[in-house]
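>
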Amino acid sequence: MPKHILAHAQGLVYTLLHLMPSPYQQETLQALLELFLEATGQSLPAHSKVKSASAISRFLNQYQWPTRQVIRAVRQAAIERLLKVRMPGRQPYLQVILDLTTLEKTGKFKAMPGLIRVYHGKRGLHLVVMYLVVGKWRIPWNFRVYRGKDTPSPAQLGLQLLRRLPHSLKERFQILVLADTAFGSIEFLEGTKHLEYSTIVGVRKDRKQQAGGPISQLSHRGQQARLVGLSFPVWVSWFWLKRENGKRELRYVLSTKPLKGSTITRWGRRRWQIEGWFKTAKHRFSLDRFAQGTLTGVYRWLVLSMIAYLLAHWAYLTTARSRLPEWGQAARLAMELWFPHLLVMTLIADVEQLRPRMQQLGLDLHLSWCKI
Numbered sequence: 002m003p004k005h006i007l008a009h010a011q012g013l014v015y016t017l018l019h020l021m022p023s024p025y026q027q028e029t030l031q032a033l034l035e036l037f038l039e040a041t042g043q044s045l046p047a048h049s050k051v052k053s054a055s056a057i058s059r060f061l062n063q064y065q066w067p068t069r070q071v072i073r074a075v076r077q078a079a080i081e082r083l084l085k086v087r088m089p090g091r092q093p094y095l096q097v098i099l100d101l102t103t104l105e106k107t108g109k110f111k112a113m114p115g116l117i118r119v120y121h122g123k124r125g126l127h128l129v130v131m132y133l134v135v136g137k138w139r140i141p142w143n144f145r146v147y148r149g150k151d152t153p154s155p156a157q158l159g160l161q162l163l164r165r166l167p168h169s170l171k172e173r174f175q176i177l178v179l180a181d182t183a184f185g186s187i188e189f190l191e192g193t194k195h196l197e198y199s200t201i202v203g204v205r206k207d208r209k210q211q212a213g214g215p216i217s218q219l220s221h222r223g224q225q226a227r228l229v230g231l232s233f234p235v236w237v238s239w240f241w242l243k244r245e246n247g248k249r250e251l252r253y254v255l256s257t258k259p260l261k262g263s264t265i266t267r268w269g270r271r272r273w274q275i276e277g278w279f280k281t282a283k284h285r286f287s288l289d290r291f292a293q294g295t296l297t298g299v300y301r302w303l304v305l306s307m308i309a310y311l312l313a314h315w316a317y318l319t320t321a322r323s324r325l326p327e328w329g330q331a332a333r334l335a336m337e338l339w340f341p342h343l344l345v346m347t348l349i350a351d352v353e354q355l356r357p358r359m360q361q362l363g364l365d366l367h368l369s370w371c372k373i
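Following my numbering, the numbering of the sequence shown begins with 2 at its first residue and continues without gaps.
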């Protein structure tokens, strides 16, 4: 498997570069991916060692390059890999996880009227993200911006994303939708039922049953219930979730498919995988560090940050390790595999920056190119 991943990712990088209209834009794309793959979570155009901040800004905000074709190329590469995944069972599950995250921002964003807003006490850009999981594979697939009151809700945006899931994935896998309480609306559950997707979502403990009383009165996990306003039965379970402050919270989850209580609980816990990706994307791959002057620039920043994460993830998979990835090492490996010349260029930049200090110490270092 590692060799196949390596060749596949190399092909994707080749495709992305050749989608750029000019060699200069190819260089800028690589410089921006290198910036994300530093995996510090603090990447800004001004931090690039191989391109100026203004060059990166023009690439994101002004230059005409096919953003949609870049996205299609990445998705096609991801689909090809997912379809080759071998899992036990006649038709394995594809976990489709939906959640809302906030990219917190301060200051004024005049180019983004109405998009930077306060929601649940957090000011920033609010994204509904679709995240795919099969075995060891993790793919941030798509996202929509939640624009606030009197616009489509997170649940409605989630349904939009689900309706655009590729047919080839629906044929290959059983689709299992996992989401939190914000996606437990009647409209969302009816919508996933219409799409014939099994769904496990969080549910408030005071959600009313048609027979009267909240679901918290149910006596055993996996018990069938009929909720007010819902035309079909669901099966309910619950579990204790340990929070970062050490406290535990009782969480209820429902399934639109008849499953044992222990199975519903197990799948319900897996929704939290996307929270780990949110932290990685922000703290390692600078997803929330955009400061562009146009909507196009912000959109491209988000897309390229997710591509950088995907390349790092694929680099990690080439190692065939079973433990959780160390993202700094995975990102470094991605650079070594697919952008080795940029590592050399950044090394040269570091040497030039330190040259005055080296000369003060009586040291000098001469670098020259040689043909091999």
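Every residue, glycine too, gets a C-beta built ideally from N, C-alpha and C.
1. If I follow the unbroken beta strand (DSSP E) through residue 141, where does it start and stop?
2. Quick check on DSSP: helix, strand or coil for residue 44?
3. Counting pairs of Cβ atoms below 8 Å between the segment 150-162 and the segment 56-75, do you hit three or more?
4. Rounded to whole angstroms, what's the CA-CA distance from residue 124 to residue 280? Just pull it up for me.
5. So residue 37 and residue 309 are supposed to be a Cβ contact under 8 Å. How far apart are they, rounded?
6. Name, in chain order, the residues that DSSP records as bridge partners for residue 199.
7. Out of 285, 216, 240, which one is the CA nearest neighbour of residue 264?
8. Indicate whether the contact test is met: 3 or more Cβ pairs, each with one atom in the segment 296-315 and one in the segment 259-277, closer than 8 Å.
9. With a threshold of 8 Å, are at least 3 pairs of Cβ atoms found where one atom belongs to the segment 105-121 and the other to the segment 244-260?
10. The alpha helix (DSSP H) with residue 156 in it runs from where to where?
11. How close, in whole Å, do the beta carbons of residue 180 and residue 202 come, if the pair is a contact with beta carbons under 8 Å?
12. Distance, Cα to Cα, residue 149 vs residue 80?
13. Name the two residues that bound the continuous beta strand (DSSP E) containing residue 135.
14. Could you check the C-alpha separation between residue 137 and residue 43 for me, to the nearest Å?
15. Report all residues from its chain with a CB closer than 6 Å to the CB of residue 177; omit the five preceding and five following residues, and keep chain order.
16. Ordered along the chain, which non-local residues of its own chain (more than five positions away) have a Cβ less than 6 Å from that of residue 103?
17. Is the Cβ-Cβ distance between residue 359 and residue 348 less than 9 Å?
18. Can you have a look at residue 220 and say buried or exposed, based on whether 16 or more other CB atoms are within 10 angstroms of its CB?
19. List the DSSP bridge partners of residue 226.
20. Could you give the C-beta distance for residue 291 and residue 302, rounded to a whole number, given that I count them as a contact under 8 Å?
21. How long is the line joining the alpha carbons of residue 357 and residue 364, rounded to whole angstroms?
22. Are the beta-carbon atoms belonging to residue 222 and residue 204 less than 9 Å from one another?
23. Using the Cα positions of residue 341 and residue 54, report the straight-line distance between them to the nearest angstrom.
24. In or out: residue 52 buried (at least 16 other Cβ within 10 Å) or exposed?
25. Using the three-state DSSP reduction, which class does residue 117 fall into: helix, strand or coil?
26. Which same chain residues end up closer than 6 Å to residue 288 when comparing Cβ atoms and leaving out the 5 residues on each side of it in sequence?
27. Under the assumption that residue 316 contacts residue 338 (Cβ atoms under 8 Å), give the Cβ distance between them as a whole number of angstroms.
28. Assign residue 82 to one of three DSSP states: helix, strand, or coil.
29. On the DSSP bridge assignment, give the partners of residue 105 in chain order.
30. Given a threshold of 16 other Cβ atoms within 10 Å of its Cβ, counted over all protein chains shown, does residue 362 qualify as buried or as exposed?
31. Just mark residue 107 as buried or exposed, buried being the case when its beta carbon has 16 or more other beta carbons within 10 Å.
32. Let me check one thing: in DSSP terms, what residues is residue 100 bridge-paired to?
Short version:
1. That run of the beta strand (DSSP E) goes 138-147.
2. Coil.
3. No, the segment 150-162 is not in contact with the segment 56-75.
4. Taking the straight line joining both Cα atoms gives about 17 Å.
5. Between residue 37 and residue 309 a beta carbon distance of about 3 Å is seen, short of the 8 Å cut, so the two are scored as contacting.
6. Answer is 177, bridged to residue 199.
7. Comparing C-alpha distances from residue 264 to each of 285, 216, 240 shows the shortest one belongs to 240.
8. At 8 Å Cβ cutoff, the stretches do not touch.
9. The segment 105-121 is not in contact with the segment 244-260.
10. Note, residue 156: alpha helix (DSSP H), 155-164.
11. Residue 180 to residue 202, Cβ: 5 Å. Contact.
12. Here the alpha carbons of residue 80 and residue 149 stand approximately 32 Å from one another.
13. In the DSSP assignment, residue 135 falls within the unbroken beta strand (DSSP E) covering 123-135.
14. Taking the straight line joining both Cα atoms gives about 27 Å.
15. Here the set comprises 94, 96, 199.
16. Within the same chain, residue 103 has close Cβ partners 123, 125, 127.
17. Not a contact, by the Cβ cut-off of 9 Å.
18. Classification of residue 220: exposed, given that the 10 Å Cβ count is below 16.
19. According to DSSP, residue 226 bridges with 235.
20. The beta-carbon separation of residue 291 and residue 302, rounded to 4 Å, stays under the 8 Å limit for a contact.
21. When rounded, the separation of the alpha-carbon atoms in residue 357 and residue 364 is 9 Å.
22. Not closer than 9 Å, so no.
23. Distance between the alpha carbons of residue 341 and residue 54: 22 Å.
24. So residue 52 ends up on the buried side.
25. Three-state DSSP puts residue 117 in coil, outside helix and strand.
26. The answer, listed in chain order, is 282, 306.
27. That belief holds up - the Cβ atoms of residue 316 and residue 338 are roughly 6 Å apart, short of 8 Å.
28. It is helical.
29. Answer is 125, bridged to residue 105.
30. That one is exposed.
31. Looking at its Cβ environment, which holds fewer than 16 other Cβ atoms inside 10 Å, residue 107 is exposed.
32. The partner list for residue 100 (beta bridge, DSSP) reads 130.
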